[in-house]
């Protein structure tokens, strides 16, 4: 974690932090020199999952079949850059609906967010406040199909298959952002930023769509 550029501070009880005030974030003196500044920057979080897993399921009974695909990542972290917008209001925008209720006040000292203060330019510094567990399990696809028997040949050729399909129906995750399955960050051109060091950064990418479709597989 870090605050602003190094400065000389005078305080009664180290570690000294520039801009310290009740209700603002308190940063860690990582190097133990008694001053909280840019020299205390350190690595926090890891965008690489400990493991990923997928599971394909299939069931058939008579003319009916059911198929589903689950996918999950576990142990990866996400840097939720959106908090600059909806918590610290980097520009005029909507805010989280719980910001008023869960921000610091003298009566609510153990709040989720720092004190609402437009003059607080210190609490928004990069820190583990932005880092969240990005683990998730998603039902990517489920498809229910029916193979048409010869008795229905007047409507469809025998052997045709009618199916109903749903994509991205459910996502189980503790991540509070829009979508834990982050696409390649499209920041530096149309191809997106594919650098390894930019993985796991959530800048408000559009979430995965939930799609329903119906189709027929047949031959003529």
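Numbering (the numbering used here), first residue to last: 875 to 1094.
From the three backbone atoms N, C-alpha and C, an ideal C-beta is built for every residue, glycine too.
Source: prediction; values computed, not measured.
Endpoints, the beta strand (DSSP E) within which residue i is located
i	result
residue 954	951-954
Own chain partners of residue i with C-beta closer than 6 Å, once the 5 adjacent residues on each side are dropped
i	result
residue 1049	1006 and 1008
residue 920	951
residue 1024	1032
residue 904	914 and 916
residue 986	976
Residue i - partner residues in DSSP beta bridges
i	result
residue 1006	952
residue 1086	1040
residue 930	943
residue 1049	DSSP lists no partner for residue 1049.
residue 938	935 and 1020
residue 1075	953
Nonlocal neighbours in the same chain, by C-beta distance under 8 Å from residue i, ignoring five residues either side
i	result
residue 1084	1040, 1041, 1042 and 1043
residue 1030	1022, 1036, 1090 and 1092
residue 971	none
Extent of the continuous alpha helix (DSSP H) run through residue i
i	result
residue 958	957-960
Given residue i as reference, the closest of the options once Cα atoms are compared
i	options	result
residue 942	932, 970 and 948	932
residue 984	991, 976 and 1056	976
residue 988	1015, 958, 1054 and 914	958
residue 1073	954, 974, 1034 and 1082	954
residue 947	1056, 1038 and 1086	1056
residue 1020	939, 967 and 906	939
residue 1026	992, 937 and 1038	937
residue 990	1045, 964 and 974	974
Close beta carbons around residue i, own chain, < 7 Å, minus the five adjacent residues each side
i	result
residue 1144	The question about residue 1144 has no answer here: the residues shown for the chain are numbered 875 through 1094.
residue 888	908
residue 945	928, 1012 and 1014
residue 1064	Because residue 1064 sits at a pLDDT of 49, beneath the cut-off of 50, its placement in the model cannot be relied upon, and the point is left open.
Beta-carbon separation (whole angstroms), residue i vs residue j, contact threshold 8 Å
i	j	result
residue 978	residue 897	4 Å
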